[in-house]
Structure formats: structure tokens, C-alpha cells
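Q:
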Amino acid sequence: MCFQVIVVIAIFSLSVQVYANALKMANEGAGLLKRSKSALFPLNIILFYSGVFYLTQAVSNEPTNLDVRLVRAMALFDFAENNPLAQDTVLEDLEFFLMFRNRYPYSTKVELPLVYFALAYVSGLKKDFARFYYYLDRLRECEEMAKYLSQLKQRFPQLVK
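The working numbering applies: residue 1 is where the sequence shown begins, and numbers increase by one.
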């Protein structure tokens, strides 16, 4: 079993060098994170950290690529409930997206209410209430906000009225 784990780590680390395209690398990392949710211990840990490594490497290769940052943010959002590193990364990537979405091109279809929802949700988890209410107000300005507001109200009933 230990030998298999070492072989899996070696394969992942060597295959990182094969990827030239940051978006492909980010999608591979997101896939590894998704698989880590259903894998058994210790493979789930290996898949999780390999996925995070791929995502981090992809952003390091192309830091202004908004598609890569959106892939990383949405992949890590699934782990934000109990992972402070995922919370910080989601906030960083989605705020970067909001600041530079008019400056850099991107091809990923993303709903602005979803971005505001994710930012408000993670801010609520971090107990950053000023940021939470800021993004909640931005979300309320959007047309398609009802489903996101109900999810925020369900998770943070004391904050959303």
C-alpha cells in the first residue's frame, strides 16, 4: 500500500511538467479535488494535495489568466466550509476576477451573482462581516439573486434578513 502511494505521488509530480497549458493544468487539478471527495483514506489526502498543487502551479504559470483563477476558486469553494486555506484562496481569486474582468479576456461563462454569493458565503465563514455585507449588497443588486439569497439565509440565518 505504501509503495502504491509513493508511485502515485511520483506520477503526479512528473506529469505536472508535461502540462504546458495552465488551463489544462487547472482543470486537471480541479478533477483531482473532485475525486478526492469520494476516495478513501489515504488516497483522498494525496488527491487533494495533488489537486491543490496543480491549481497553484497553474495560477503561478499564468497569474492574470482569469479562467484559471475561476477554475481554482470554484474547485476550492467545495472545501471552504472547513478549510481556511481554501477560504483565503477563493476570496483572493474571485476578488481578482472582479477587479480585472474588464481588463483581461476570459472565456469561462460565469454568473456574477454566483461570484457575489461565493464571496459572501466565504466571508461569512471567516466571520468577516463587513466584507459579507458588502457582497450581500452586491448580490441583492443582481437580477437572478433569489436562489443565492435563500442559500445564504439558510447557512447564516442571523446575518441575512
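A virtual CB, placed ideally from N, CA and C, is assigned to each residue, including glycine.
Taking the continuous alpha helix (DSSP H) assigned at Leu33, which residues delimit it?
A: Taking the first residue of the sequence shown as 1, we reach residue 33 at position 33. Element bounds for Leu33: 22 to 36.
Q: State the DSSP-derived secondary structure class of Thr56, mapped to helix, strand or coil.
A: Locating residue 56 in the sequence shown gives position 56, where the first residue counts as 1. It is helical.
Q: Quick one: give me the first and last residue of the alpha helix (DSSP H) that Val122 is part of.
A: Taking the sequence shown and counting its residues from 1, the one referred to as residue 122 is at position 122. Element bounds for Val122: 112 to 125.
Q: What residue range does the alpha helix (DSSP H) around Ala73 cover?
A: Position 73 of the sequence shown, counted from the start, is the residue given in the question as residue 73. Start and end: 66 to 77.
Q: What are the boundary residues of the alpha helix (DSSP H) that Leu159 is part of?
A: For the purposes of this step, residue 159 is taken as residue 159 along the sequence shown, with counting starting at 1. That residue, Leu159, is in no alpha helix (DSSP H); it is neither H nor E in DSSP.
Q: Near Leu32, which residues of its chain fall below 6 Å by C-beta distance, leaving aside the five closest residues on each side in sequence?
A: In the sequence shown, counting from the first residue as 1, residue 32 sits at position 32. Cβ within range, chain order: Leu47, Ser50, Gly51.
Q: Using C-beta distances below 8 Å, list every residue in its chain close to Leu125, excluding the 5 sequence neighbours before and after it, in chain order.
A: Locating residue 125 in the sequence shown gives position 125, where the first residue counts as 1. Answer for Leu125: Ala80, Glu81, Gln87, listed in chain order.
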